[in-house]
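Chemist:
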Amino acid sequence: MKNFLQKIIILINIFILIYYSIQLLVFTDEFTLQNFGFYNHAIAGLSEILGILLLCLSIGLIFILIKGLQFQFALLFTIFLFEGLVALNLWRYVITNSPGETNIQVITNNAILFSLASISMLFLLVYKK
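Just add 252 to wherever you are in the sequence shown, counting from 1, and you've got the working numbering.
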């Protein structure tokens, strides 16, 4: 049961990371317009770099599914830290009610999703031991 729950948590995080990676890599223009409210090449370039980073993290989690959790603390902690810091940054925009050029609901939805992902990753880190 423990192994099954760990795999479910990893799969959830893989889907979240791949979803945002695809949004950032394939739909760069639309994603930046919808989430940042404007488009320019600098924002698009940063979005693509972030998409590549998320894709790399999700591939790392796929390898963990194949090889197992043993000796993977550093990668799991990195993903937890990334998701947690993104969530905190997004919640900062929600709490201060400063969505910039986009709307607060989009930021709130992203904050909730990254919060759930980071909590699930924290659960995996604690539950792994």
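All C-beta atoms, glycine included, are put in the ideal place defined by N, C-alpha and C.
At the level of alpha carbons, what is the spacing between residue 265 and residue 369?
Modeler: Position 13 of the sequence shown, counted from the first residue, corresponds to residue 265. Position 117 of the sequence shown, counted from the first residue, corresponds to residue 369. Using only the alpha carbons, I get a separation of about 6 angstroms.
Chemist: Near residue 375, what residues of its chain come up, given a Cβ to Cβ distance below 8 angstroms and the 5 sequence neighbours on each side ignored?
Modeler: On the sequence shown, position 123 is the one that residue 375 refers to. 261, listed in sequence order.
Chemist: Determine whether the beta carbon atoms of residue 367 and residue 339 lie at a separation below 7 angstroms.
Modeler: In the sequence shown, the residue the question calls residue 367 occupies position 115. In the sequence shown, the residue the question calls residue 339 occupies position 87. Contact flag set, yes.
Chemist: Taking C-beta to C-beta, are residue 322 and residue 316 nearer than 7 angstroms?
Modeler: What you label residue 322 is simply residue 70 of the sequence shown in a count that begins at 1. What you label residue 316 is simply residue 64 of the sequence shown in a count that begins at 1. No, Cβ-Cβ distance for residue 322 and residue 316 is not below 7 angstroms.
Chemist: Can the beta-carbon of residue 269 be found closer than 7 angstroms to that of residue 306?
Modeler: As a first step, residue 269 must be located in the sequence shown, where it is residue number 17. As a first step, residue 306 must be located in the sequence shown, where it is residue number 54. Closer than 7 angstroms, so yes.
Chemist: With residue 258 as the anchor, note down where its alpha helix (DSSP H) starts and where it stops.
Modeler: Mapped onto the sequence shown, residue 258 falls at position 6. First-last of the alpha helix (DSSP H) with residue 258: 254 to 277.
Chemist: Could you have a look at residue 324 and say whether DSSP puts it in helix, strand or coil?
Modeler: Numbered from its first residue, the sequence shown carries residue 324 at position 72. If DSSP states are grouped into helix, strand and coil, residue 324 belongs with coil.
Chemist: What separation, rounded to the nearest whole angstrom, lies between the Cα atoms of residue 283 and residue 320?
Modeler: In the sequence shown, the residue the question calls residue 283 occupies position 31. In the sequence shown, the residue the question calls residue 320 occupies position 68. If I take the Cα positions, the gap works out to 34 angstroms.
Chemist: Going by C-alpha to C-alpha distance, which of 318, 343 and 302 sits closest to residue 279?
Modeler: Numbered from 1 along the sequence shown, position 27 holds the residue referred to as residue 279. Here the closest residue by C-alpha is 302.
Chemist: In angstroms, rounded to a whole number, what distance separates the CA positions of residue 380 and residue 331?
Modeler: Looking up residue 380 in the sequence shown gives position 128. Looking up residue 331 in the sequence shown gives position 79. Cα to Cα, the separation comes out at about 15 angstroms.
Chemist: Which of the three DSSP states, helix, strand or coil, is assigned to residue 352?
Modeler: Taking the sequence shown and counting its residues from 1, the one referred to as residue 352 is at position 100. Residue state, collapsed to three classes: coil.
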